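Residues -30 to -1, 1 to 128 (mature numbering (1 follows the signal peptide of the UniProt record, and there is no 0)) are what the sequence shown spells out, left to right. Notes for the one structure printed next.
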Amino acid sequence: KVLQKVSKMEHSRLLVVFFVFLGVANMASSSNFGNFGNLGRECMEGSKASRDQRNKIQDFDLAEPVDEEIMCFFKCMMTKFGIYDEGSKAVSSAAINQLFQDLGVSAPEGLGAKAASPTDGTCGAVFKAMIGAMADKLGDFKKGYMAKLNEEFKLRHE
């Protein structure tokens, strides 16, 4: 139901922005960033994604329907970066708030209620919980991401 509220194009863009941002946000704030590539490879292998599915993930070709293996890759990445907690089977609203704060944009309204509801722990449920928690802030998220990207570019070229 959540995914029906978001157009296919917006859904794909949200995923692209989220995972590109995840890398940018973790550059400054997470000790895991140095291992970002390794974690990505580990999650890719663990998801049992086919070569075609791996290419889709790498090319950010995530139009619906999203394959189970791709959703498992995203669940793995969310777990590695502390956005999804295996124990409570819930997406952490605090972690999402921190991601938005790092971008300098306000988090989605009612995020706690959207994100904190436990899932059944399946890849699809976790994937949908994350999309549902962030979908209404796509525009702000993209603006914040672009500002952060420009800032990083300027710092590298000064």
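We put the beta carbon where it would ideally sit given N, CA and C, even for glycine. Note that the structure is predicted; figures quoted are calculated from it, not measured.
It is roughly 12 Å from the alpha-carbon of Gly16 to the alpha-carbon of Arg24. Relative to the Cα of Ala117, the nearest Cα in the group Phe44, Val75, Phe97 belongs to Val75. The Cβ neighbour count for Glu121, taken over all protein chains shown within 10 Å, is under 16; the residue is labelled exposed. Exclusion of the five residues before and after Lys59 leaves Pro88, Thr89, Gly91 as the residues of its chain whose Cβ lies within less than 6 Å of its Cβ. Gly114 counts as buried, since no fewer than 16 other beta carbons sit within 10 angstroms of its beta carbon. Assigned with DSSP and collapsed to three states, Val36 falls in coil, not helix or strand. With fewer than 16 other CB atoms across the displayed protein chains lying within 10 angstroms of its CB, Glu56 is exposed.
Annotation note: the stretch 57 to 98 contains the following uninterrupted alpha helix (DSSP H) runs of length 4 or greater, listed N- to C-terminal: 63 to 73, 81 to 86. Closest by C-alpha distance to Val96, out of Pro78, Ala19, Ile40, is Ile40. Under a 10 Å Cβ-count criterion, Pro35 is classified as exposed, with fewer than 16 other Cβ atoms of the shown protein chains found around its own Cβ.
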